[in-house]
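Enquirer: Numbered by the working numbering, the letters in the sequence shown go through residues 23 to 439 in order.
From the three backbone atoms N, C-alpha and C, an ideal C-beta is built for every residue, glycine too.
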Amino acid sequence: MQLKSILNFVQPHQGFVYGAVHQRNKGQRTVLDIEIRPRKNRQPVCSRCGKPGPGYDTLPVRRFEFVPLWGIAVFFLYAMRRVSCPSCGVKVEQVPWATGKNHLTTTYAWFLARWARRLSWKEVGQVFQTSWDNVFRSVKMAVAWGLAHRDLDTITAIGIDEIAWKKGHKYLTLVYQIDAGCKRLLWVGKERTQKTLRQFFKEFGKERTAHLRFICSDMWKPYLRIVAEVAGQAMHILDRFHVMTHFGKAVDKVRATEARELKAKGQEPVLTGSRWCLLKRPEHLTEKQSIKLNELLAINLKTVRAYLLKEEFQFFWRYATAGWAARFLDAWCKRTMRSRITPMKKIAKMLRSHRELLLNWFRTKGQVALGAVEGFNNKAKVTSRKAYGFRNFEVMKIALYHTLGNLPEPEATHRFC
Ligand SMILES: [Zn+2]
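Here you go:
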């Protein structure tokens, strides 16, 4: 079997044929140069209007990088023709393997973009001996194509989330589709203000917004307000992940304050090294942490009482019906209000004022992938961390769409990876 037969199998080009193949060395690397020429009597196609026209002249040979073969870099060599197009004038021809001034073939760009979903962009560059810029441009192309070709018409449930970026000083608002059968990132916006979320709904469109049945979010006022204003017909749900995040923060606050108080009174530093025992779920503790937790529970500290209130609240999510969950919620809030622990009382007040939205959690069971928001939040954080060095919003946005957007890809003759 010849190389040309393999090429015709993986990447046939209508109107063009593969010619001679040359091997050369470029530094430490072996390179294959594969000539391409137009079929005889086949007119060039105008890159502006897509219609064939008479040839005008031929430009110097250009190189287009293709998918490497057995660790050997592969280049297509082709002298672009110019078309004397009756409607557009003299234009460079359109070729099926690359677009515009790109020196990467489209197939190679998709190849890099696919790997960039599994490895960091830097790693992809290292493995395939190409620049970070080439990897970035490939991912950008894949995302642009995917966004232009995705279907947004059957969405009934969305989740609104935020992540911190730029060392925690700034926020991004992320909107996910969380239908039971389809979960993906839909939108990324700067900040977490009313304006941000309003922009999402504007781009999403009135008609699609009217079809939304469930919207899940944190108890963040700007989000609550916009959802009520723009999509009042949808059931608004507060999700478990965000609610429990508030608990974690409150317990941590109680612990820090109490540790300071104990130290000031010159008492034994029982709370030292206790942070993670109190924040983690009991089943995730190491043995050492479990022992520490048991020691703590034996002492009557505010921190311990706050911790027990938090753990007790986990039962809330296990109820099968909104009615029983409501009874539990009311009893829990009543007890917590008497606890004399300010951060926990704040939570009880917050839960009381959002009682109905909390109970909606039980009214949507099975219809919405409510756990999805937490999964996406973790993945988005990993992406933003991996994207260390992504200084601007555009790059961050592309990275998030690429990893979480579940974007479509064009049909290809051959799948290279
Ligand atoms: Zn034309």
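Just the Cα atoms here: how many angstroms apart are Glu457 and Gly288?
Expert: Lying before the first or after the last residue shown, residue 457 is absent from the chain, which here runs from 23 to 439.
Enquirer: In the DSSP assignment, the beta strand (DSSP E) including Ser106 goes from what residue to what residue?
Expert: On the sequence shown, residue 106 is found 84 positions in, with the first residue counted as 1. Residues Ile94 to Cys107.
Enquirer: Which partner residues of Arg206 appear in the DSSP bridge assignment?
Expert: Residue 206 sits at position 184 when you count from the first residue of the sequence shown. DSSP, once it has assigned bridges, lists Gln199 as partnering Arg206.
Enquirer: Val105: beta carbon under 8 Å from a heavy atom of ligand 1?
Expert: Position 83 of the sequence shown, counting from 1, holds the residue named residue 105. True, at least one ligand heavy atom lies under 8 Å from that Cβ.
Enquirer: Give the DSSP-derived three-state secondary structure of Phe222 in the structure shown.
Expert: As a working mapping, residue 222 is identified with position 200 in the sequence shown. Correct three-state label for Phe222: helix.
Enquirer: Drop a sphere of 10 angstroms on the beta-carbon of Ser109, count the other beta-carbons inside from all chains shown, and report buried for 16 or more, exposed for fewer.
Expert: Position 87 of the sequence shown, counting from 1, holds the residue named residue 109. The residue in question, Ser109, is exposed, as its Cβ has fewer than 16 Cβ neighbours within 10 Å.
Enquirer: Compute every distance between the C-beta of Arg235 and the non-hydrogen atoms of ligand 1, then say whether any falls below 8 Å.
Expert: Locating residue 235 in the sequence shown gives position 213, where the first residue counts as 1. Not so, every heavy atom of ligand 1 lies at least 8 Å from the Cβ.
Enquirer: Any idea what DSSP makes of Asp240, helix, strand or coil?
Expert: Against the sequence shown, residue 240 aligns to sequence position 218. Reduced to three states, the DSSP call for Asp240 is coil.
Enquirer: Less than 9 Å between the C-beta atoms of Leu379 and Met241, yes or no?
Expert: Translated into the one-based positions of the sequence shown, residue 379 becomes position 357. Translated into the one-based positions of the sequence shown, residue 241 becomes position 219. Against a cut-off of 9 Å, the Cβ pair of Met241 and Leu379 comes out as a contact.
Enquirer: Which residue's Cα is closest to the Cα of Arg51: Gly93, Glu87, Gln33 and Leu29?
Expert: Numbered from its first residue, the sequence shown carries residue 51 at position 29. The residue with the shortest Cα to Cα distance from Arg51 is Gly93.
Enquirer: One question on the structure: do Ser153 and Tyr130 come within less than 9 Å of each other, judged by their Cβ atoms?
Expert: The sequence position of residue 153 within the sequence shown is 131, counting from 1. The sequence position of residue 130 within the sequence shown is 108, counting from 1. No, the pair does not count as a contact, with Cβ atoms beyond the cut-off.
Enquirer: Determine, using beta carbons only, whether Ser19 and Asp183 come nearer to each other than 9 Å.
Expert: An answer regarding residue 19 cannot be provided, because it is not within the stretch 23 to 439 covered by the chain.
Enquirer: From what residue to what residue does the alpha helix (DSSP H) around Arg407 run?
Expert: Taking the sequence shown and counting its residues from 1, the one referred to as residue 407 is at position 385. Here the alpha helix (DSSP H) through Arg407 covers Ala394 to Lys408.
Enquirer: Below 6 Å CB to CB, which residues in the same chain sit around His306 once its five sequence neighbours on both sides are set aside?
Expert: Along the sequence shown, one-based indexing puts residue 306 at 284. Cβ within range, chain order: n/a, list empty.
Enquirer: Buried or exposed for Ala353, please, with buried defined as at least 16 other CB atoms from any protein chain shown within 10 angstroms of its CB.
Expert: Translated into the one-based positions of the sequence shown, residue 353 becomes position 331. Exposed.
Enquirer: Three or more beta-carbon pairs under 8 Å between the segment 252-260 and the segment 323-337, yes or no?
Expert: Counting Cβ pairs under 8 Å, fewer than three are found: no touch.
Enquirer: Any contact between the segment 381-394 and the segment 156-176? By contact I mean 3 or more CB pairs, one from each, below 8 Å.
Expert: Short answer: they don't touch.
Enquirer: Can you pull the DSSP bridge partners for Pro74?
Expert: The count along the sequence shown starts at 1 and reaches residue 74 at position 52. For Pro74, which the question treats as bridged, DSSP gives the partners Val67.
Enquirer: Here's a check: name, in chain order, each residue in its chain whose Cβ is nearer than 7 Å to the Cβ of Ser406, leaving out the five neighbours to either side.
Expert: Residue 406 sits at position 384 when you count from the first residue of the sequence shown. Excluding positions up to five away in sequence, the list reads Ile185, Trp187 and Met418.
Enquirer: Nearer than 8 Å: is that true of the beta carbon of Phe439 relative to any heavy atom of ligand 1?
Expert: For the purposes of this step, residue 439 is identified with residue 417 of the sequence shown, where counting begins at 1. The sequence shown places Cys at residue 439, rather than the Phe named in the question. No.
Enquirer: Buried or exposed for Pro82, please, with buried defined as at least 16 other CB atoms from any protein chain shown within 10 angstroms of its CB.
Expert: Here residue 82 corresponds to residue number 60 of the sequence shown, with the count starting at 1. Flag for Pro82 reads exposed.
Enquirer: My output table needs one value for Thr325: the three-state DSSP class, helix, strand or coil.
Expert: For this step, residue 325 is matched to residue 303 along the sequence shown. In the structure shown, Thr325 sits in a helix (DSSP, three-state: H, G or I).
Enquirer: At a cut-off of 8 Å, is Cys238 close to ligand 1 when judged by its beta-carbon and the heavy atoms of the ligand?
Expert: For the purposes of this step, residue 238 is identified with residue 216 of the sequence shown, where counting begins at 1. Cys238: no, Cβ never under 8 Å from ligand 1.
Enquirer: Would you mind working out which of Gln116, Arg46 and Leu29 sits nearest Arg70, comparing C-alpha positions?
Expert: Here residue 70 refers to the residue found at position 48 of the sequence shown. Taking only the C-alpha atoms, the option nearest Arg70 is Gln116.
Enquirer: Report the rounded CA-to-CA distance for Arg84 versus Trp132, giving the unit in angstroms.
Expert: For this step, residue 84 is matched to residue 62 along the sequence shown. For this step, residue 132 is matched to residue 110 along the sequence shown. Rounded to the nearest angstrom, the two C-alpha atoms are 20 Å apart.
Enquirer: Just to confirm, are Ala344 and Asn382 a CB contact at a threshold of 9 Å?
Expert: Start at 1 with the first residue of the sequence shown, and residue 344 comes out as number 322. Start at 1 with the first residue of the sequence shown, and residue 382 comes out as number 360. The answer is yes: Cβ separation under 9 Å.
Enquirer: When the Cα of Tyr40 is compared with those of Glu87, Tyr100 and Val197, which residue comes out closest?
Expert: Locating residue 40 in the sequence shown gives position 18, where the first residue counts as 1. That would be Tyr100, whose Cα lies nearest to the Cα of Tyr40.
Enquirer: For the pair the segment 212-230 and the segment 247-258, tell me if three or more CB-CB distances fall below 8 Å.
Expert: Output reads yes: the segment 247-258 touches the segment 212-230.
Enquirer: Quick check: is any heavy atom of ligand 1 less than 8 Å from the C-beta of Gly75?
Expert: For this step, residue 75 is matched to residue 53 along the sequence shown. Yes.
Enquirer: Assuming Ile180 and Val276 are in contact, meaning their beta carbons sit under 8 Å apart, how far apart are those beta carbons, in whole angstroms?
Expert: For the purposes of this step, residue 180 is taken as residue 158 along the sequence shown, with counting starting at 1. For the purposes of this step, residue 276 is taken as residue 254 along the sequence shown, with counting starting at 1. Actually they do not touch by this definition, with Cβ atoms about 34 Å apart.
Enquirer: Quick check: Val67 and Pro76, are their CB atoms within less than 9 Å of each other?
Expert: Working through the sequence shown from its first residue, we reach residue 67 at position 45. Working through the sequence shown from its first residue, we reach residue 76 at position 54. Their beta carbons are not under 9 Å apart, which means Val67 does not touch Pro76 by this criterion.
Enquirer: Going by other Cβ atoms of all chains shown within 10 Å of its Cβ, with 16 needed for buried, is Glu416 buried or exposed?
Expert: One-based indexing of the sequence shown puts residue 416 at position 394. With fewer than 16 other Cβ atoms within 10 Å, it is exposed.
Enquirer: Helix, strand or coil for Thr420? Go by DSSP, reduced to three states.
Expert: Working through the sequence shown from its first residue, we reach residue 420 at position 398. In the sequence under discussion, the amino acid at residue 420 is Ile, which differs from the Thr named in the question. Here Ile420 sits in helix by DSSP.
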